[in-house]
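Residue numbers (the UniProt record's numbering), protein chains in the order written: chain A, 1 to 212; chain B, 1 to 212; chain C, 1 to 212.
Glycine included, C-beta positions come from ideal geometry on N, C-alpha and C.
The structure displayed is predicted, hence computed values, not measured ones.
To keep things clear, I will list the structure first and then write my remarks on it.
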Amino acid sequence: MLEEFVISVFAAVGTIAFATSGSFKGIRHNLDILGIFVLGFVTALGGGLIRDALLGHTPVAFIDVMPSIYAAIGCIIAMLSGRISLKILAMLTQPESKAFLVVDAIGLAAFTVLGARMGADAGLNLFGIVLLGSITGVGGGAIRDLLVVEVPLILKADFYATATIIGAVIFAVLYWLDWSLPVIMLITFTLTLVLRLLAIWRHWQLPKTKWD
Amino acid sequence: MLEEFVISVFAAVGTIAFATSGSFKGIRHNLDILGIFVLGFVTALGGGLIRDALLGHTPVAFIDVMPSIYAAIGCIIAMLSGRISLKILAMLTQPESKAFLVVDAIGLAAFTVLGARMGADAGLNLFGIVLLGSITGVGGGAIRDLLVVEVPLILKADFYATATIIGAVIFAVLYWLDWSLPVIMLITFTLTLVLRLLAIWRHWQLPKTKWD
Amino acid sequence: MLEEFVISVFAAVGTIAFATSGSFKGIRHNLDILGIFVLGFVTALGGGLIRDALLGHTPVAFIDVMPSIYAAIGCIIAMLSGRISLKILAMLTQPESKAFLVVDAIGLAAFTVLGARMGADAGLNLFGIVLLGSITGVGGGAIRDLLVVEVPLILKADFYATATIIGAVIFAVLYWLDWSLPVIMLITFTLTLVLRLLAIWRHWQLPKTKWD
């Protein structure tokens, strides 16, 4: 079915992207090979685990082998970029590296969509859909950052949570309007990704502090 | 019913208080407006999410809109205090600010009571009630502190966990004695709050180290 | 029954060991007595809570009093070692203290086995068993390290996750070969522990970075 196919594609893309982002962070923190894999896996699977635990979908997340295969692919991509060229790797793993932020953005968009869709599937109301989409989108990345003792992107980055929340709201509204799910998912994914990329590119910032 | 009403009041008070404490911390860490909201929400809803996940009450936490409304109120209160006076805000958001510690204490007391009551409701034994009350009380604040990469209050603050645990034990004992639930909740809340406030005010400390 | 007995022994040993490791860390970070208990308990019970939440075994973890008794024993052992001799305690709680790493290794091995067995019991496939064993093994220690704002051992320590994963894979393979569970558990525990201890003693490292 088309819907199933769209879901699989998003799951694959999001998992690979987040795994790559986790591995980049592991490389930058000078972890050994397994540490890099662990950080990649945790980042890639963390959002989904939180989502399933919150929904009470247990122990579903463990039975499927595919997510781990995608995660492994993401980790290997990150490590191979070091093989190909140290200079490229050094660029990729810089703290403010655009490449890092872009793979993170892809993961963010894909997981926001998947979380929102699972919430819709579980019969949550519109508010619950937005919340679950947002948490799923940002969960893996937050765990990744916490594990290397950094303040998560979601708190630091201007227009990070904003992109997710807008995406999840659009999803919930279109779902309420009864559009077809594959269409909703494509629109939401594209919009979230474009918003986040624009934010990176144009250095969008939310107003910070009238108070300092 | 009286019991339902008491529960709603505690939920409202605790959620608003924790959201305010989270937002204060976000302001101090110079986050943008959405970061402040995110930290407020996570602090306010985190304890309840942990509690529900541990009890297997899923996906209940998402379906209700009220907690998020309370959380938003708490965040707005924190931000408005900056509008009214920068000097007040500066005081409120200092690391050892009494105002911060007080709203945190209110959240702590309210959530300890709610967690213990939910444990009693789920048929846990007295030990389980104490454990669930304590975890619910301290959970949101612990997540808040971890997200901004600080050692959680529960580990640093003298007489923080102690207050929660004493509160939860009192709850469990009174529950075992079969007192009426609204009465138990009021007593436990008051006692936990007073203990924690006294600890802040009188700088109570547990014995630290015979060994250094 | 033999199997039940073996499980109880591993649960006791793992819980006490992890509680001791958490308390050692609390002492080093100069926490007060309750903070030391909290860190000991979180470390000892954290892996099991994550495991149960992921499996949807709720609220089982709270109803049993034994884990908390074991955790308390572990905390008391750690604190008593300070009573007996400050010099011994100072050695035990050093960051790279062998004693700390050894109790941590015992906890790691015991919880890997328990997690894998629970996964087998829940009917997970071999892959799920490995994943659940690994997560259970490393979960409590990861929470412990995060709470005191350190990068978790699983990311820093060479051959930490490797030992767990090898142990969990051996478990899954022997389980698939239909060996008797007590035998599998003893073999897996011994192997994981020996691997980790060898790694500590011989300073085994995984290859780190061709790239720096």
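Beta-carbon within less than 7 Å of residue i's beta-carbon, same chain only, minus the 5 sequence neighbours each way: which residues are those?
{"i": "A142/B", "result": "P152 and I154"}
{"i": "S23/A", "result": "I36, L39, G40, G74, C75, A78 and M79"}
Can you tell me the Cα-Cα spacing of residue i and residue j, whole angstroms?
{"i": "I16/C", "j": "V6/C", "result": "15 Å"}
{"i": "W201/A", "j": "K98/B", "result": "41 Å"}
{"i": "L55/C", "j": "L124/B", "result": "19 Å"}
{"i": "D145/B", "j": "L2/A", "result": "43 Å"}
{"i": "I106/C", "j": "M185/C", "result": "14 Å"}
{"i": "L181/A", "j": "T192/C", "result": "47 Å"}
{"i": "H57/A", "j": "W204/B", "result": "44 Å"}
{"i": "A161/A", "j": "I33/B", "result": "11 Å"}
{"i": "L147/B", "j": "W179/C", "result": "45 Å"}
{"i": "D64/A", "j": "F189/B", "result": "45 Å"}
{"i": "F100/B", "j": "K25/C", "result": "28 Å"}
{"i": "D104/B", "j": "R117/B", "result": "20 Å"}
{"i": "L126/C", "j": "E4/C", "result": "22 Å"}
{"i": "I187/C", "j": "I27/A", "result": "34 Å"}
Assuming residue i contacts residue j under a Cβ cut-off of 8 Å, what Cβ separation, rounded to an integer in Å, is found between them?
{"i": "L108/A", "j": "A163/A", "result": "7 Å"}
{"i": "I166/C", "j": "L195/C", "result": "6 Å"}
{"i": "V149/C", "j": "V149/B", "result": "6 Å"}
{"i": "residue 213/A", "j": "L132/A", "result": "Because residue 213/A is not part of the residues shown, which for chain A are 1 to 212, the question remains open."}
{"i": "A53/A", "j": "A53/C", "result": "5 Å"}
Report all residues from its chain with a CB closer than 6 Å to the CB of residue i; omit the five preceding and five following residues, and keep chain order.
{"i": "V130/C", "result": "A168, V169 and A172"}
{"i": "F111/A", "result": "G14, G47, T136 and G137"}
{"i": "G128/C", "result": "G119"}
{"i": "F18/A", "result": "T43, A44, G107 and G140"}
{"i": "F10/B", "result": "A110, V113 and L114"}
{"i": "A12/C", "result": "Y70"}
{"i": "S134/B", "result": "T164, I165 and A168"}
From the options, pick the residue whose C-alpha is nearest to that of residue i; which is it?
{"i": "H29/A", "options": "W201/C, K156/C and I166/C", "result": "K156/C"}
{"i": "G115/C", "options": "V102/C, G46/C, I73/C and W179/C", "result": "G46/C"}
{"i": "L177/A", "options": "T112/A, A120/A, V38/A and V42/A", "result": "A120/A"}
{"i": "I69/C", "options": "G140/C, F37/C and V148/C", "result": "F37/C"}
{"i": "L198/B", "options": "V102/B, Y175/B and W179/B", "result": "V102/B"}
{"i": "F159/C", "options": "F100/A, L31/A, R117/A and G26/A", "result": "L31/A"}
Please classify residue i: is it buried, with 16 or more other beta-carbons within 10 angstroms of its beta-carbon, or exposed?
{"i": "residue 245/C", "result": "With chain C covering only 1 through 212, there is no way to say anything about residue 245/C."}
{"i": "M66/C", "result": "exposed"}
{"i": "S21/C", "result": "buried"}
{"i": "D212/A", "result": "Model confidence at D212/A stands at a pLDDT of 47, short of 50, so the residue's coordinates are unreliable; what they give is reported in the following sentence. Per the 10 Å Cβ criterion, exposed."}
{"i": "S8/A", "result": "exposed"}
Beta-carbon of residue i versus every beta-carbon of chain F: anything under 7 Å?
{"i": "L155/A", "result": "The chain labelled as chain F is not found among the protein chains of the depicted structure, namely A, B and C."}
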